[in-house]
Amino acid sequence: MWFRRDLRLLDNPALLAAAADARADGDDRVVPLFVVDPVLWNAAGPVRRAYLRASLIALDESLDGNLLLRHGDPVTLVPEVVAAASARSVHVGADFGPYGSARDDRVSEALADVPLVRTGSSYAVAPGRVCKDDGTPYRVFTPFYRAWLRHGWRAPADEVPGETPWWMPMYCDGYPAADDLGGMVLPAAGEEAAWTRWEHFRESRLASYSQLRNRPDVDGTSALSHHLRFGELHPRSLLAELTDDDEVFRKELCWREFYADVLHQRPDSARVSLDPRYDEAMAWTTGPRADELFEAWSHGRTGYPFVDAGMRQLRAEGWVHNRVRMVVASFLVKDLHLPWQRGAREFMRWLRDGDLASNAHGWQWTAGCGTDAAPFYRVFNPVLQGVKFDPDGDYVRRYVPELAHLPGSSVHEPWKAADGYAHGYPRPVVDHATERQVALDDYAELARPAG
Numbered sequence: 055m056w057f058r059r060d061l062r063l064l065d066n067p068a069l070l071a072a073a074a075d076a077r078a079d080g081d082d083r084v085v086p087l088f089v090v091d092p093v094l095w096n097a098a099g100p101v102r103r104a105y106l107r108a109s110l111i112a113l114d115e116s117l118d119g120n121l122l123l124r125h126g127d128p129v130t131l132v133p134e135v136v137a138a139a140s141a142r143s144v145h146v147g148a149d150f151g152p153y154g155s156a157r158d159d160r161v162s163e164a165l166a167d168v169p170l171v172r173t174g175s176s177y178a179v180a181p182g183r184v185c186k187d188d189g190t191p192y193r194v195f196t197p198f199y200r201a202w203l204r205h206g207w208r209a210p211a212d213e214v215p216g217e218t219p220w221w222m223p224m225y226c227d228g229y230p231a232a233d234d235l236g237g238m239v240l241p242a243a244g245e246e247a248a249w250t251r252w253e254h255f256r257e258s259r260l261a262s263y264s265q266l267r268n269r270p271d272v273d274g275t276s277a278l279s280h281h282l283r284f285g286e287l288h289p290r291s292l293l294a295e296l297t298d299d300d301e302v303f304r305k306e307l308c309w310r311e312f313y314a315d316v317l318h319q320r321p322d323s324a325r326v327s328l329d330p331r332y333d334e335a336m337a338w339t340t341g342p343r344a345d346e347l348f349e350a351w352s353h354g355r356t357g358y359p360f361v362d363a364g365m366r367q368l369r370a371e372g373w374v375h376n377r378v379r380m381v382v383a384s385f386l387v388k389d390l391h392l393p394w395q396r397g398a399r400e401f402m403r404w405l406r407d408g409d410l411a412s413n414a415h416g417w418q419w420t421a422g423c424g425t426d427a428a429p430f431y432r433v434f435n436p437v438l439q440g441v442k443f444d445p446d447g448d449y450v451r452r453y454v455p456e457l458a459h460l461p462g463s464s465v466h467e468p469w470k471a472a473d474g475y476a477h478g479y480p481r482p483v484v485d486h487a488t489e490r491q492v493a494l495d496d497y498a499e500l501a502r503p504a505g
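Counting the sequence shown from 1 gives a position; the working numbering is that position plus 54.
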């Protein structure tokens, strides 16, 4: 069993298939393998690496210390483990990412006569399964969601693979080195922690999710994104426990599947805009000014409190509330006039739940160059968004201590307070009203028919 984005025992179809295959061969032993692939490890930021390491430790404990960890190229290492164990099959959950699917093809070829058996995936409905009647993929979420519901998904496999004798047939390279995260403390990792969080959310927050999900000042979301990212629980396990009253949360799970489908259909969209005009002709800020603005944005020093709180939360916790992600993304693209790709890379560096499909297409949705049916002319007002979704100012005060002295919603407009800048908070790097109009004018020029 080659674990990847399915670091759990419960409802793991590939693991169940491996155990069944072992029993059918008359030898119950299964080798639980994880390969620390330098291509993926080096591309991940220190936060995601640290979380993955913790998740591997949790998985190893659930396997009674038998997780075989190897470091290197899976194309070489997986056949080596197969040879050492005289294994007759290798079982995996299907990977639909651009790198993962190509890697699996190379591993399958290197295995020669030993089959690489793909069973299940990280999604309730595998990418590529939901399409229009003419076989073409969806580019807009709402019709995709309706088709996804009609398609449906299998019920969770509630069993674990029983008394499977785990086997480590060769030396183990051990856990990857721990990254120094400074003062950042990550949440507990692993399957047990994932279920604990889900049960807390289901019992105390799910009923109010539709009312509170946009409020970063309260604990109103599931905070399961990192657990889903590493497969510590499967989305269909959550879907199985939802009722008709939980459609808003069901849609949020579907967004993850939609973005995975878009990336599967267009692997290049991890780096380029679905609407190529934005990469080819948009009037982006360049030169030293671009670097200055990006530095202010990435460190939470733009002078817009709601934006700055979000970027400081990112660096403090490795996570940002989804409403705030949209606001900070809109600010980078439409107030600072910097390309979405630059912000997406910064997110992937810091997010513990960094997922290529969700991150790239969440950014494109906000930037107006992706799947959004209402494109570039949506510009989030960073002040009004703060007043609406952080009405008492608690979120900003939590992450921007220079403004902790300002009461209530006044924290969102320190320029109106006599002592707003008394503790070193920066003044705005740009004027939102002016830059909003610049962005709209640039888009109008971009959309103007040739000739």
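Where is the CB? At the ideal position from N, CA and C, for every residue including glycine.
Quick caveat: nothing in here was measured; it's all calculated off a predicted structure.
Drop a sphere of 10 angstroms on the beta-carbon of residue i, count the other beta-carbons inside from all chains shown, and report buried for 16 or more, exposed for fewer.
| i | result |
| --- | --- |
| K470 | exposed |
| R160 | exposed |
| K388 | buried |
| G154 | buried |
| G182 | exposed |
| G96 | Inspection of the sequence shows that residue 96 is occupied by Asn rather than by Gly. When all chains shown are included, N96 counts as exposed. |
| T250 | exposed |
| D167 | exposed |
| D60 | buried |
| P455 | exposed |
Looking at the secondary structure, which residues open and close the alpha helix (DSSP H) in which residue i lies?
| i | result |
| --- | --- |
| L347 | G341 to S352 |
| S384 | N376 to S384 |
| L36 | Residue 36 falls outside the range modelled here, since the chain spans only 55 to 505, and no answer is possible. |
| F401 | W394 to W404 |
| E253 | E245 to S258 |
| Y449 | D448 to Y453 |
| P480 | P480 -> no alpha helix (DSSP H), and no H or E assigned at all. |
| H415 | L410 to A421 |
| Y263 | Y263 to L266 |
| V136 | P128 to A139 |
Helix, strand or coil, according to DSSP, for residue i in the structure here?
| i | result |
| --- | --- |
| G285 | coil |
| W207 | coil |
| V326 | coil |
| W56 | strand |
| V239 | coil |
| W220 | strand |
| V437 | helix |
| V492 | helix |
| V84 | strand |
| Y105 | helix |
| G364 | helix |
| V179 | coil |
| E115 | helix |
The beta strand (DSSP E) spanning residue i covers which residue range?
| i | result |
| --- | --- |
| A148 | V144 to A148 |
| L122 | L122 to H125 |
| T511 | With the chain covering only 55 through 505, there is no way to say anything about residue 511. |
| V90 | L87 to V90 |
Can you tell which of the options has the C-alpha that lies nearest to the C-alpha of residue i?
| i | options | result |
| --- | --- | --- |
| L223 | D118, F312 and P86 | Looking at the sequence shown, residue 223 is not Leu but Pro. Nearest of D118, F312 and P86 to P223, Cα basis: P86. |
| H486 | A209, D60, R193 and H391 | H391 |
| G237 | N120, R369, A68 and A139 | R369 |
| N376 | P393, D345 and W419 | W419 |
| Y225 | S176, N120 and A277 | N120 |
| A138 | P330, G147 and L122 | L122 |
| D91 | G80, P128 and V84 | P128 |
| S52 | A156, T488, W221 and V194 | Because the chain is modelled from 55 through 505, residue 52 falls outside the range shown and cannot be assessed. |
| M55 | S175, H145 and F303 | H145 |
| F195 | S262, Y475, D273 and G416 | G416 |
| P393 | K305, W351, H205 and L292 | W351 |
| L347 | C185, V382 and P330 | V382 |
| E163 | P468, A180, R355 and T130 | T130 |
| D233 | V184, A247, H125 and R107 | R107 |
| R16 | A148, Q367, W207 and L113 | There is no way to answer for residue 16, as the model of the chain reaches only from 55 to 505. |
| F434 | Q491, Y479 and A231 | Q491 |
| Q319 | F385, Q439, R379 and G151 | G151 |
| P67 | A211, R124 and H254 | A211 |
Segment contact, 8 angstroms Cβ cut-off, at least three pairs: the region 270 to 281 with the region 242 to 254: yes
Meets three-Cβ-pair contact criterion under 8 angstroms: the region 400 to 415 and the region 102 to 115: yes
Contact the region 328 to 342 vs the region 295 to 311: 3+ CB pairs below 8 angstroms: no
Meets three-Cβ-pair contact criterion under 8 angstroms: the region 336 to 351 and the region 407 to 414: no
Stretch-stretch touch, CB-based, cutoff 8 angstroms, three pairs: the region 438 to 455 with the region 269 to 279: yes
Contact between the region 58 to 73 and the region 209 to 219 (3+ Cβ pairs under 8 angstroms): yes
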